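Just below is one structure, and these are the notes that go with it.
Number of protein chains: 2
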Amino acid sequence: MLNMEQKIKIFKALGNETRFKIFKNMFSGGYACHIDESKSKDDLIAQATCVTTIADNFNFSLPTISRHLKELRDANIIKMTKKSNKIYIEPNPQIINELSKCFTDLVDNYDESLYQFDNSKKEEK
Amino acid sequence: MLNMEQKIKIFKALGNETRFKIFKNMFSGGYACHIDESKSKDDLIAQATCVTTIADNFNFSLPTISRHLKELRDANIIKMTKKSNKIYIEPNPQIINELSKCFTDLVDNYDESLYQFDNSKKEEK
DNA sequence: TCCTTATTTAGCTAATTTGTTAAATTAATA
DNA sequence: TATTAATTTAACAAATTAGCTAAATAAGGA
Chain A
5 MLNMEQKIKI FKALGNETRF KIFKNMFSGG YACHIDESKS KDDLIAQATC
55 VTTIADNFNF SLPTISRHLK ELRDANIIKM TKKSNKIYIE PNPQIINELS
105 KCFTDLVDNY DESLYQFDNS KKEEK
Chain B
5 MLNMEQKIKI FKALGNETRF KIFKNMFSGG YACHIDESKS KDDLIAQATC
55 VTTIADNFNF SLPTISRHLK ELRDANIIKM TKKSNKIYIE PNPQIINELS
105 KCFTDLVDNY DESLYQFDNS KKEEK
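Chains A and B, in that order, give the protein sequences. The numbering of the first sequence is the numbering used here, which starts it at 5 and goes up by one. The numbering of the second sequence is the numbering used here, which starts it at 5 and goes up by one.
In structure tokens, the structure reads:
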């Protein structure tokens, strides 16, 4: 389960246009490429991409993108794995699933709290 | 459907501790109170709370909380309704449901894109 | 070993955010 | 009508964020 601090970190990370785009592209396969042909195609690392590849998609300097990636990593949204002199980046779907669950829980609890005041609404569920 | 700009606005809004707490309390009923006894109990406005009540829960000045609430409203996370000289505040569960759906969609799409590389994983679903 | 590639760190500036208090606005109430 | 209550706006300061370039680090290849 995510604690409040972790959730806020995730929101902060995704509340910036550049980081949000990286995140989105990451998950929708925008950067995905099979870099290491010697590796099996189900090897996530081989499919993932590196800092420079991501930076090429933006008009910002490499160090700037590097720092954005660090923030996404600190928020646990992406995983970064060093392999030789490159860093391979993968999304972390688990954390997004958890976050999604937090939201639905919150709304479900809210719906329930409304029923305390109004029993007629129970039928709508 | 939420566009990118709207999503980023929501993340930015929730990426601040004070605003996150307001949001959380809002949904978990922390501030909920039946203010207007003359109104039906299923009247959301009557159950909602006002700016000063929320500010009482924080060690920040009223204008500061007022501005935080404005940001939550601009992100469509809460609704603010003026009634006489008070502003009644309710959460907007719809937007949170939508956001939650965006996340699950993203993860689902990501999972699918993985299956393109590895058919053996399809059974796990 | 020297050069190249990939990435991060350091040091800096500009922009944005977050807080403050004081003043303005709006509506209810005495 | 004068006062009080609820809220926002304005003007400002401090902290944080987001960008840059230059330098440092780490690994691979000639």
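Ideal Cβ placement from N, Cα and C applies to all residues, glycine included. All values reported here derive from a predicted model rather than from experimental measurement.
Close beta carbons around residue i, own chain, < 7 Å, minus the five adjacent residues each side
i, result
"K90 (chain A)", "C54"
Collapsed DSSP secondary structure at residue i in the structure displayed
i, result
"M5 (chain A)", "coil"
"I91 (chain A)", "strand"
"E41 (chain B)", "Because E41 (chain B) carries a pLDDT of 49, less than 50, the predicted location of this residue cannot be relied on, and the following value inherits that uncertainty. E41 (chain B): coil per DSSP, three-state reduction."
"I82 (chain B)", "strand"
Residue i and residue j closer than 8 Å at C-beta
i, j, result
"I58 (chain A)", "I93 (chain A)", "yes"
"N113 (chain A)", "F31 (chain B)", "yes"
"C106 (chain A)", "K11 (chain A)", "yes"
"V111 (chain B)", "N101 (chain A)", "yes"
"D115 (chain B)", "P97 (chain A)", "yes"
Contacting residues, own chain, Cβ-Cβ under 6 Å from residue i (five flanking each side not counted)
i, result
"N61 (chain A)", "none"
Contact set for residue i: own chain, Cβ-Cβ below 8 Å, skip 5 residues either direction
i, result
"L76 (chain B)", "A17, R23, I26, F27 and I82"
"L103 (chain A)", "L6, K11 and I14"
"E9 (chain B)", "none"
"L73 (chain A)", "I26, V55, I58, I82, M84 and I93"
Buried or exposed by the 16-neighbour rule on C-beta atoms within 10 Å, applied to residue i
i, result
"S88 (chain A)", "exposed"
"P95 (chain B)", "buried"
"S65 (chain B)", "exposed"
Self-check item: Three or more C-beta pairs below 8 Å linking the region 16 to 33 of chain A and the region 75 to 91 of chain A
Solution: yes
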